[in-house]
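Enquirer:
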Amino acid sequence: MPSPSDDPRTEAAVFQSMTLLSALTTAAAVWRAIRERRAGQDPSAQEAEAVVRPRLHRAVRDLSATLMRLHAGLACPPEAPPPAALVRRFDDLLALREATQLLQTIHQRLLSLYPAVSEALVEDVRRQHHAGRALLEDEDAAFPAALAAFAEDGFAVEHRLRAELGLA
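Take the sequence shown: its letters are residues 131 to 298, numbered as in our numbering.
Following this line, the structure appears as structure tokens:
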């Protein structure tokens, strides 16, 4: 007897759900960007320390949560049925994209604080951002191992951010 995950309707429902989630995620990101621009927040501009620090703290907190989500996803068994494996990979890609965007935001905000923050920290965040972008563009079969390495390096960068910025 075939399992429910072998049913073509299950696969179609999974694809439709992922398409909807992807569209909603993109729409939410665009909405946030528009809202921030209308509020006068320009991530490409240098901002005052009093403005940057609270935003940077929120971004580091969000990065921590996203890295935890990535790390938790690595605990899923690799022998999952195809629909479950597809959903897991999709969620991993969404979390990776979110972490990469947060790293870009953190890098831009750190540049506003430079030289009050170390050049090494700014460079580490930049490198981690580029590693995330490269992983998003790479269709290598070793994705779980590369994602695990990205999460581990991300936690190290997050730890350095917390230490240097005086976050608990």
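Every residue, glycine too, gets a C-beta built ideally from N, C-alpha and C.
(1) Any contact of the segment 234-254 with the segment 179-186, i.e. 3+ C-beta pairs under 8 Å?
(2) Just to confirm before moving on: does the CB-CB distance between L154 and L226 stay below 8 Å?
(3) Is it a yes or a no for the segment 285-297 touching the segment 260-268, going by three-plus beta-carbon pairs under 8 Å?
(4) For R258, does the three-state DSSP call read helix, strand or coil?
(5) Could you spell out where the alpha helix (DSSP H) holding L224 opens and where it closes?
(6) With a threshold of 16 other CB atoms inside 10 Å of the CB of S194, please say whether the residue is buried or exposed.
Expert: Here's the rundown:
(1) yes
(2) no
(3) no
(4) Checking the displayed sequence, the identity of residue 258 turns out to be Gln instead of Arg. Of the three classes helix, strand and coil, the one that applies to Q258 here is helix, per DSSP.
(5) P212 to L243
(6) buried
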